[in-house]
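Engineer:
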Amino acid sequence: MRSYSVNFVKGLLIAFNVAFIINAFVLNFIGTFIYANLSNCTIFYEKGLVNSSVLVFCSGLAVFVISILGCCGATKKNIILLNAFTTFLACILIMEILAGSMAAYYNQNFRAKFKEILKKSIKNPTPAEFTCWRRMQNHFECCGVDSIEDWGDKVPYSCYGNVTGTNEKILHKYGCYHQLEEFLGNQATNIIGITFGLILIKVLGIFLSRCLVVGMKKNKFLNILITEE
1 MRSYSVNFVK GLLIAFNVAF IINAFVLNFI GTFIYANLSN CTIFYEKGLV NSSVLVFCSG
61 LAVFVISILG CCGATKKNII LLNAFTTFLA CILIMEILAG SMAAYYNQNF RAKFKEILKK
121 SIKNPTPAEF TCWRRMQNHF ECCGVDSIED WGDKVPYSCY GNVTGTNEKI LHKYGCYHQL
181 EEFLGNQATN IIGITFGLIL IKVLGIFLSR CLVVGMKKNK FLNILITEE
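Position 23, counted from 1, in the sequence shown is what our numbering calls 23; the numbers after and before it change by one each time, with no gaps.
(1) So what's Cys143 in DSSP terms, helix, strand or just coil?
(2) Below 8 angstroms on the Cβ atoms is my guess for Val18 versus Cys211; work out the distance and round it to an integer in Å.
(3) What did DSSP end up calling Lys162 once you bin it into helix, strand or coil?
(4) For the structure I just gave you, are there three or more beta carbon pairs, one from the region 29-38 and one from the region 181-192, closer than 8 angstroms?
(5) Would you call Met136 buried or exposed, if buried means 16 or more other Cβ atoms sit within 10 Å of its Cβ?
(6) With a Cβ-Cβ cutoff of 8 angstroms, do Leu13 and Gly205 count as a contact?
(7) When DSSP labels each residue in this structure, what does Lys123 get in the three-state scheme?
(8) Tell me whether Tyr157 is buried or exposed, calling it buried when 16 or more other Cβ atoms sit within 10 Å of its Cβ.
(9) Helix, strand or coil: which one does DSSP assign to Lys173?
(10) Tell me whether the beta-carbon of Met216 lies closer than 8 angstroms to the beta-carbon of Lys115.
(11) Would you report the Cα separation of Gly70 and Ala15, rounded to the nearest angstrom?
(12) Inspect the CB distances between the region 85-99 and the region 147-155 and report whether three or more fall short of 8 angstroms.
(13) Using the C-alpha atoms, what's the distance from Asn23 back to Gly197?
(14) Could you compute how far the alpha carbon of Arg111 sits from the alpha carbon of Ala62?
(15) Give a yes or no on whether the C-beta atoms belonging to Val54 and Leu27 are separated by under 8 angstroms.
(16) For Ala128, does the count of other Cβ atoms within 10 angstroms reach 16, so buried, or fall short, so exposed?
(17) Would Lys10 pass as an interface residue toward chain D - the criterion being a Cβ-Cβ separation below 8 angstroms?
(18) Around the C-beta of Ile192, are 16 or more other C-beta atoms found within 10 angstroms, so that it is buried, or is it exposed?
(19) Taking the straight line between their C-alpha atoms, what separation do you get for Lys218 and Gly60?
(20) What residues in its chain sit with their C-beta under 7 angstroms from that of Pro125, if we drop five residues either side in the sequence?
Now the structure itself:
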């Protein structure tokens, strides 16, 4: 592989790593957004939703660090850094495929269990759980798990919202399970789309990294032969 070919692959690898960095920031934003919306509610800790948002943020951070490693390796044409970049990238790729498979497998079971937790917490809520429901109903403009009937005769004020420009109160139309499912579904779609895009970029990144390493070794070998002649 001639030097201009090596430089071309190097440029492509740097461009792909810039794309990695942009996607890493998007993942960090989504993780932070989910955490900000769910972390003030104790119910969400039980099924690990808050921890999942932290995991999304950490995934973005890991992708960012590995991207910097790849950029440095490509810019400096450092074989050790490029090999480390390829190894870490392959490990994350395998982990993402496994995590995606597990998420798809447990998705339906998770929805059923999460609804059970909401039903259980609304029957005899502790002070912390009641505060959680109040915040959730205000934030997502919802009432109860499926409807106002879940509260029985003790309907909290948070089930009602203000009509714009008046003092009139209006009952929130949807149950919180519906609103949460829609919110989490939208975020999951974003994460799946970004992750799928990252998987394709990672495969190309691994391929380009190996091409660059092979090209550099070949050029080094040719330079040695020329010097000896």
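Beta carbons are placed, not taken as given, at the ideal position from N, Cα and C, and that holds for glycine.
Structural biologist: Taking the structure as given:
(1) Indexing the sequence shown from 1 puts residue 143 at position 143. In this structure, Cys143 counts as coil in the three-state DSSP scheme.
(2) Reading the sequence shown from its first residue, position 18 is the one you call residue 18. Reading the sequence shown from its first residue, position 211 is the one you call residue 211. About 18 angstroms; that fails the 8 angstroms criterion.
(3) Position 162 of the sequence shown holds residue 162. Here the sequence assigns Asn to residue 162, which means Lys is not the residue at that position. Looking at Asn162 - three-state DSSP - the assignment turns out to be strand.
(4) yes
(5) Numbered from its first residue, the sequence shown carries residue 136 at position 136. With 16 or more Cβ atoms within 10 Å of its Cβ, Met136 is classed as buried.
(6) Locating residue 13 in the sequence shown gives position 13, where the first residue counts as 1. Locating residue 205 in the sequence shown gives position 205, where the first residue counts as 1. In contact: Leu13 and Gly205 (Cβ atoms closer than 8 angstroms).
(7) Translated into the one-based positions of the sequence shown, residue 123 becomes position 123. DSSP places Lys123 in helix when its eight states are reduced to three.
(8) Along the sequence shown, one-based indexing puts residue 157 at 157. With fewer than 16 Cβ atoms within 10 Å of its Cβ, Tyr157 is classed as exposed.
(9) For the purposes of this step, residue 173 is taken as residue 173 along the sequence shown, with counting starting at 1. DSSP places Lys173 in coil when its eight states are reduced to three.
(10) Counted from its first residue, the sequence shown places residue 216 at position 216. Counted from its first residue, the sequence shown places residue 115 at position 115. In this structure, Lys115 does not lie closer than 8 angstroms to Met216 by Cβ.
(11) Indexing the sequence shown from 1 puts residue 70 at position 70. Indexing the sequence shown from 1 puts residue 15 at position 15. In a straight line, the C-alpha of Gly70 is about 10 angstroms away from that of Ala15.
(12) no
(13) Stepping through the sequence shown from its first residue, residue 197 is reached at position 197. Stepping through the sequence shown from its first residue, residue 23 is reached at position 23. Cα to Cα, Gly197 sits roughly 9 angstroms from Asn23.
(14) Start at 1 with the first residue of the sequence shown, and residue 111 comes out as number 111. Start at 1 with the first residue of the sequence shown, and residue 62 comes out as number 62. Computed Cα separation, rounded: 28 angstroms.
(15) Here the question's residue 54 lines up with position 54 in the sequence shown. Here the question's residue 27 lines up with position 27 in the sequence shown. For Val54 and Leu27, no; Cβs fall outside 8 angstroms.
(16) On the sequence shown, residue 128 is found 128 positions in, with the first residue counted as 1. Exposed.
(17) In the structure shown, chain D cannot be found, because there is only a single protein chain.
(18) Taking the first residue of the sequence shown as position 1, residue 192 is located at position 192. Counting Cβ neighbours within 10 Å, Ile192 comes out exposed, since fewer than 16 surround it.
(19) Within the sequence shown, the letter at position 218 stands for residue 218. Within the sequence shown, the letter at position 60 stands for residue 60. Cα-Cα distance, rounded: 34 angstroms.
(20) In the sequence shown, counting from the first residue as 1, residue 125 sits at position 125. The residues are Trp133.
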